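Here this note's numbering = 1-based position in the sequence shown + 14.
The beta-carbon is built from N, C-alpha and C at its ideal position, and this holds for glycine as well.
Keep in mind that this is a model prediction, so the values were computed, not measured.
Following: one structure in structure tokens, then a few remarks.
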Amino acid sequence: LTIIIKVIFFPLTYSSTKSMAKMQELQPKVKSLRAKYKKAKQDINQRRKMNEEMMALYKEHGVNPMMGCLPLLIQMPIWIGLYQAIYQALGSAPEQFVVLSQRLYHTIPFMHDLAARSLPLNSRFLWLDLGRPDPYYILPILVVAVFWLQQKLTAQPAADPSQAQMNRTMQMMMPLMFGVITLQVSSGLAVYWVASGVLQIIQQGMTTGWSDIAKALPSGLPGLPSREQAGKDAKGKKKR
Numbered sequence: 015l016t017i018i019i020k021v022i023f024f025p026l027t028y029s030s031t032k033s034m035a036k037m038q039e040l041q042p043k044v045k046s047l048r049a050k051y052k053k054a055k056q057d058i059n060q061r062r063k064m065n066e067e068m069m070a071l072y073k074e075h076g077v078n079p080m081m082g083c084l085p086l087l088i089q090m091p092i093w094i095g096l097y098q099a100i101y102q103a104l105g106s107a108p109e110q111f112v113v114l115s116q117r118l119y120h121t122i123p124f125m126h127d128l129a130a131r132s133l134p135l136n137s138r139f140l141w142l143d144l145g146r147p148d149p150y151y152i153l154p155i156l157v158v159a160v161f162w163l164q165q166k167l168t169a170q171p172a173a174d175p176s177q178a179q180m181n182r183t184m185q186m187m188m189p190l191m192f193g194v195i196t197l198q199v200s201s202g203l204a205v206y207w208v209a210s211g212v213l214q215i216i217q218q219g220m221t222t223g224w225s226d227i228a229k230a231l232p233s234g235l236p237g238l239p240s241r242e243q244a245g246k247d248a249k250g251k252k253k254r
């Protein structure tokens, strides 16, 4: 299911990743604009002019600032639907899986017959009961780690110190919030979050290169270059 959803959203995710990479490249020009309009916070006219020039800059380079949030917002209904499906299905008697499959595939004879002959699905996966929270707290830790890395990779540098501090706070709070949620929801949804996040990180690495991921990870991990080396590799690729 995770792979299917990722394939469906690949064009949107690819565009979002490319857009975020371009925004990173435009940061020096964005900082110049903020320096040009130092009094934008107090002066409404300066703020309006700065926003107009910034939007013109984004338009000139084909960048949409909202693209970074769009894939996450679109997946929210999927998360809610997946949670409800797992909760309702696994909370019922196992034999109801066959009835559910027959109703889902009643227009497809092959799938209808297959569902009728199949044994009820098993809610067990590794050490997990997919309808219940992880009793060993392994999934919450994985969710926090994966979401933290995703936040690091998608974070946009801010010239304003207060905005930068807010971004750092969000980078810490969002993963922790999802970790707390994982303590309460079914393991099936948490497994989807982890698998989806890992695939997203791999996809970003294949799209924009692995140097950003190496820089985001703590230095000193075996098999990974240091942050300094990753930065040099990234600069070398840009020069080419």
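Per DSSP, residue i forms a beta bridge with which residues?
i      : result
Asp143 : Arg138
Quick check on residue i: does DSSP put it in helix, strand or coil?
i      : result
Gly211 : helix
Phe23  : coil
Leu197 : coil
Leu231 : coil
Gly223 : coil
Pro149 : coil
Leu40  : coil
Ser29  : helix
Glu66  : helix
Ile18  : helix
Residue i lies in the alpha helix (DSSP H); which residues open and close that run?
i     : result
Asn78 : Where Asn78 is concerned, there is no enclosing alpha helix (DSSP H), given that its DSSP letter is neither H nor E.
Gln56 : Run containing Gln56: none; DSSP gives neither H nor E here.
Tell me which residues share the same chain as residue i and place their Cβ nearer than 6 Å to its Cβ, disregarding the 5 neighbours each side in the sequence.
i      : result
Arg61  : Ala54
Trp162 : Pro189
Tyr51  : Gln60 and Met64
Met187 : none
Ala248 : Any reading at Ala248 is ruled out, since the residue's pLDDT is 49, under 50, leaving its predicted position unreliable.
Ser132 : Note that Ser132 scores a pLDDT of 49, beneath 50, so its modelled location is shaky; the value from the coordinates is reported in the next line. So the list is empty, once near-sequence residues are dropped.
Using a Cβ-Cβ cut-off of 7 Å (strictly less than) and excluding sequence neighbours within five positions of residue i, which residues of its own chain qualify?
i      : result
Gln164 : Gly211, Gln214 and Ile215
Ala204 : Asp148, Leu153, Val157 and Thr196
Tyr28  : Thr221
Val77  : Ser33, Lys36, Met37 and Leu40
Tell me which same chain residues have a C-beta within less than 8 Å of the C-beta of residue i, skipping the five on either side of it?
i      : result
Leu47  : Met64, Glu67, Met68 and Leu71
Ala107 : Residue placement at Ala107 is flagged as unreliable, the pLDDT there being 48, under the threshold of 50; a coordinate-derived value is accordingly withheld.
Margin query: Count Cβ pairs between the region 59-68 and the region 18-32 that sit closer than 8 Å; are there 3 or more?
Written below: no
Check: Does the pairing of the region 222-231 with the region 188-195 give three or more beta-carbon distances under 8 Å?
Finding: no
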